[in-house]
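Numbering (our numbering), first residue to last: 27 to 150. Ideal placement from N, C-alpha and C gives every residue a C-beta, glycine not left out. Remember, it's a predicted structure, so these values are computed and weren't measured experimentally. The block underneath contains the structure these notes are about, expressed in structure tokens.
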């Protein structure tokens, strides 16, 4: 799979620990069955985790039966594009790792919106 990121270059991995991605391959890859469009690689914040839980998507609580340890602030995660846009509109958007965000994210948000929230730290 030679997916491209929003910068037009090769899609880089988002996270292997915790293992993320709709396909659980560490990347924000997608296919026709990914109805949630898990395309945007973010570095989650405590504020975002609280926001997401309030919106009915608890990403912090461990679910051992799904081999999910729960996310902590600072973890990287492939987020549904519409959830990120919802967080953006509420002023709660977590920082984005552009190099690991799938090009298809641009069907849901603009490059300017993503760039405004670009994560400024080290890639890993």
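Look at residue 64 here: in three-state DSSP terms it is strand. Rounded to the nearest whole angstrom, the C-alpha separation of residue 104 and residue 123 is 10 Å.
One thing to note: residue 47 has its Cβ no nearer than 8 Å to the Cβ of residue 69. A contact between stretches requires three or more CB pairs, one per stretch, nearer than 8 Å, and the segment 68 to 82 meets this requirement with the segment 110 to 124. Sequence-distant Cβ neighbours of residue 135 in its own chain, meaning closer than 8 Å and more than five residues away, are 66, 107, 110, 111 and 114. For residue 108, the uninterrupted alpha helix (DSSP H) run begins and ends at 107 to 115, by DSSP. Within the same chain, Cβ atoms closer than 6 Å to the Cβ of residue 125 are found at 31 and 38, the five residues on either side in sequence being excluded. Nearest Cα to residue 102 within the set 116, 58, 28 and 86: 86. Rounded to whole angstroms, the gap between the alpha carbons of residue 71 and residue 98 is 8 Å.
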